[in-house]
Structures are given as structure tokens and as C-alpha cells.
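**Q** 44 is the number that full-length UniProt numbering gives to position 44 of the sequence shown; each next residue is one higher, with no gaps.
For every residue, glycine included, the Cβ atom is placed at its ideal position computed from N, Cα and C.
From a predicted model like this one, the values you see are computed outputs, not experimental measurements.
Here it is, the structure, as C-alpha cells.
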Amino acid sequence: MIASSLEDVLTDLGCVVIGPALNMKDAMRLARAAEIDGASLDVNIAGEKVYPVADILSERGIPFVFLTGYGKAGLRESDLSRPVLQKPCSLERFEEILVGWR
Numbered sequence: 001m002i003a004s005s006l007e008d009v010l011t012d013l014g015c016v017v018i019g020p021a022l023n024m025k026d027a028m029r030l031a032r033a034a035e036i037d038g039a040s041l042d043v044n045i046a047g048e049k050v051y052p053v054a055d056i057l058s059e060r061g062i063p064f065v066f067l068t069g070y071g072k073a074g075l076r077e078s079d080l081s082r083p084v085l086q087k088p089c090s091l092e093r094f095e096e097i098l099v100g101w102r
């Protein structure tokens with residue numbers, strides 16, 4: 001349900017949604033090869049930490065926001081400067097972050 005709400009916000013802003021990636025294999029593939037202007041990353045994808053995906057996006061210079069139930073406490077030290085939305089997240093705050101990337 002959260003993914004559907006986030007997708008609605010994205011499409012309302014004129015974005016093309018290419019996910020969600022339901023496993024790390026798909027997330028890594030999209031992070032490496034897809035034309036992406038920005039991403040939202042759940043810290044946990046099917047029981048795996050999303051940090052390798054975050055590293056790829058960082059290397060490509062693609063902005064992203066973390067979604068997590070743990071807030072900044074669930075992030076690596078190197079990711080503490082990234083935007084974080086604690087689940088359940090505010091759709092208004094999600095939109096503010098996205099608009100800031102434009």
C-alpha cells in the first residue's frame with residue numbers, strides 16, 4: 001500500500017516509475033543500467049540491506065531517499081547525510097524531497 005501511494009505521488013509529479021524492485025537482483029540491475037533521475041530505497045529488500053544499490057546510485061550521481069522503520073538509526077555512517085523517511089512516511093515530505101531534486 002505504501003508503494004502504491006508513493007507511485008501516485010510520483011506520477012502526479014510527472015515522473016515515470018520503473019519499479020518497484022522486489023529483490024536485490026532487480027534493484028541492482030535497475031541501479032546499474034536504468035535511466036534514473038532519482039530513487040526511493042527501502043533499507044530492507046526481501047531481507048537484504050539495500051546498501052549496495054545506494055552505493056551504485058551514489059557513484060552514478062543519482063539522488064535517493066531511504067525509507068525505513070528505524071529512521072537514521074538504521075543507516076550506515078556514510079549515509080547519514082541522505083534524506084530519510086521513517087515508515088509510515090509522510091507523502092507530503094516525500095514530495096518535498098522529490099521537488100528539491102529538480
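For Val17, does the count of other Cβ atoms within 10 angstroms reach 16, so buried, or fall short, so exposed?
**A** Walking along the sequence shown from the start, residue 17 turns up at place 17. Exposed, since its Cβ has fewer than 16 Cβ neighbours within 10 Å.
**Q** Need the endpoints of the beta strand (DSSP E) that Asp42 sits in, please.
**A** The residue given as residue 42 occupies position 42 in the sequence shown. Element bounds for Asp42: Ala39 to Asp42.
**Q** Ala31 and Val65: beta carbons closer than 8 Å?
**A** For this step, residue 31 is matched to residue 31 along the sequence shown. For this step, residue 65 is matched to residue 65 along the sequence shown. In this structure, Val65 does not lie closer than 8 Å to Ala31 by Cβ.
**Q** Please go through the UniProt domain "Response regulatory" (1 to 102) and give each complete beta strand (DSSP E) segment of 3 or more residues, from N-terminal end onward.
**A** Taking only runs of at least 3 residues, the beta strand (DSSP E) segments lying wholly in the UniProt domain "Response regulatory" (1 to 102) are 39 to 42, 64 to 68 and 84 to 86.
**Q** Do you know whose CA, among Glu95, Ala46 and Met28, lies nearest Asp55's CA?
**A** Sequence index remark: in the sequence shown, residue 55 carries index 55 (1-based). Answer by Cα proximity: Met28.
**Q** So which of Leu13, Val43 and Ser4 has the shortest CA-CA distance to Gly19?
**A** Start at 1 with the first residue of the sequence shown, and residue 19 comes out as number 19. Ranking Leu13, Val43 and Ser4 by Cα distance to Gly19 puts Ser4 first.
**Q** Decide if Val99 is buried, meaning its Cβ has at least 16 other Cβ atoms within 10 Å, or exposed.
**A** As a first step, residue 99 is located in the sequence shown; it is residue number 99 there, counting from the start. Exposed, by the Cβ-count rule.
**Q** Taking the Cβ atom as the reference point for each residue, do Leu80 and Arg93 lie within a distance shorter than 8 Å?
**A** Residue 80 sits at position 80 when you count from the first residue of the sequence shown. Residue 93 sits at position 93 when you count from the first residue of the sequence shown. Not in contact: Leu80 and Arg93 (Cβ atoms no closer than 8 Å).
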